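Input: a single structure, listed below in structure tokens.
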Amino acid sequence: KRFEGVKPIIVADAAMLSQENMRTLNEEGYRYIVGARLANTTSHFIEKISTSLPRTDKAHQRFEYARNQKERYTIICEFSVARYKKDKREFEKQVKRAQELIQRKEPGRRAKFVRKSHTTGRLYEFNDALKEKAEKLLGIKGYVTNIPEKDMTNAEVMGYYHDLWHVEQAFRMSKSDLKARPIFHCTQDSIKAHLLICFVALMMGKYLEIKTGLSIRKIRDQLWEK
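This note's numbering applies: residue 17 is where the sequence shown begins, and numbers increase by one.
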């Protein structure tokens, strides 16, 4: 009753970011916060982020991004020194691996900066354009949202997104401690029933953790001992 008539804010990682999903959420009147795939945006937009966003820790800024007439998004970008150091290490490893593979004339699996060569006599070459794009995004994380800044600050939007770890922790708990696994169901009712059972078990487990201060595994072990 407390939340009757109030639609929740949908928060999801970048895997949920698609034109169809965003359109559906907008049509249904939901507000959302979704992880952005900045590397998939245009070179012009990446250049805009790179030149506009200060390289100071926790600096953030809103950008309007339009891939086409139908795809228009607000993207909040944040720079983090810790993220920059991590991205930089991974970036340098990828560059080194790509260069070594090209020298050995090997494509390599998932070699980020290697592409088939358009030059006669060469099989593979270093993708300088992709390297340049990746370098401009080092240390930067993006968040796609349709919530106006007057309703929610950038810091609040990012804070909601960072709370996703609670959901991820819940998935780990349900898959291990509660032993919930994917199961084959072919009817709508059986699918909903399975999801309901998993969710209720998860809710009860979380409630017991909060009330007792013990992990669900510890609670389970103590119950088995009795």
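Quick reminder that beta carbons are idealized off the backbone N, C-alpha and C, glycines included.
Note that the structure is a prediction, hence the values are computed from the model and not measured.
Is tyrosine 177 closer than 8 Å to alanine 52 when the C-beta atoms are compared?
Position 36 of the sequence shown, counted from the first residue, corresponds to residue 52. Position 161 of the sequence shown, counted from the first residue, corresponds to residue 177. Against a cut-off of 8 Å, the Cβ pair of tyrosine 177 and alanine 52 comes out as no contact.
Taking the continuous alpha helix (DSSP H) assigned at threonine 228, which residues delimit it?
What you label residue 228 is simply residue 212 of the sequence shown in a count that begins at 1. 204-228 is the span of the alpha helix (DSSP H), which, as asked, contains threonine 228.
For phenylalanine 79 and arginine 131, the rounded distance between their alpha carbons
Here residue 131 refers to the residue found at position 115 of the sequence shown. Here residue 79 refers to the residue found at position 63 of the sequence shown. Their Cα atoms are separated by approximately 31 Å.
Chain-order list of residues whose beta-carbon lies under 7 Å from that of glutamate 87 (same chain, five-residue window excluded):
To locate residue 87, count along the sequence shown from 1; it is residue 71. Excluding residues within five positions, the ones whose Cβ falls inside 7 Å are Gln35.
Quick check: what's the CA-CA separation for tyrosine 100 versus isoleucine 156?
As a first step, residue 100 must be located in the sequence shown, where it is residue number 84. As a first step, residue 156 must be located in the sequence shown, where it is residue number 140. Those two C-alpha atoms are separated by around 7 Å.
Just to confirm before moving on: does the CB-CB distance between isoleucine 49 and threonine 161 stay below 8 Å?
As a position in the sequence shown, residue 49 is number 33, starting the count at 1. As a position in the sequence shown, residue 161 is number 145, starting the count at 1. Cβ distance < 8 Å, so isoleucine 49 and threonine 161 count as in contact.
Enclosing alpha helix (DSSP H) for glutamate 148 [first to last residue]:
Walking along the sequence shown from the start, residue 148 turns up at place 132. Here the alpha helix (DSSP H) through glutamate 148 covers 144-152.
Check whether serine 68 and glutamine 77 have beta carbons under 8 Å apart:
Indexing the sequence shown from 1 puts residue 68 at position 52. Indexing the sequence shown from 1 puts residue 77 at position 61. Contact flag set, yes.
In angstroms, rounded to a whole number, what distance separates the CA positions of isoleucine 163 and phenylalanine 107?
Here residue 163 is taken as the residue at index 147 of the sequence shown, counted from 1. Here residue 107 is taken as the residue at index 91 of the sequence shown, counted from 1. The alpha-carbon atoms of isoleucine 163 and phenylalanine 107 are separated by roughly 32 Å.
Between Leu139, Gln238, Phe61, Arg233, which lies nearest to asparagine 84 when the distance is taken from Cα to Cα?
Position 68 of the sequence shown holds residue 84. Looking at the Cα atoms, Phe61 is the closest of the given residues.
For phenylalanine 95, which beta-bridge partners are listed by DSSP?
To locate residue 95, count along the sequence shown from 1; it is residue 79. Paired residues: Ala75, Ile156.
Going by other Cβ atoms of all chains shown within 10 Å of its Cβ, with 16 needed for buried, is leucine 153 buried or exposed?
Translated into positions along the sequence shown, residue 153 becomes position 137. Label assigned to leucine 153: buried.
Do lysine 121 and leucine 146 come within 8 Å of each other at the CB atom, strictly closer than that value?
Taking the first residue of the sequence shown as position 1, residue 146 is located at position 130. Taking the first residue of the sequence shown as position 1, residue 121 is located at position 105. It is not a contact, given that the beta carbons lie outside the stated cut-off.
Less than 8 Å separating the beta-carbons of glutamine 115 and lysine 128?
Taking the first residue of the sequence shown as 1, we reach residue 115 at position 99. Taking the first residue of the sequence shown as 1, we reach residue 128 at position 112. Cβ distance not < 8 Å, so glutamine 115 and lysine 128 don't count as in contact.
Residue range of the alpha helix (DSSP H) that includes arginine 233:
On the sequence shown, residue 233 is found 217 positions in, with the first residue counted as 1. It spans 232-241 - the alpha helix (DSSP H) in which arginine 233 sits, taken as one unbroken run.
Quick check on valine 97: buried or exposed, where buried means 16 or more other Cβ atoms within 10 Å of its Cβ?
By one-based count along the sequence shown, residue 97 stands at place 81. Valine 97 should be labelled exposed.
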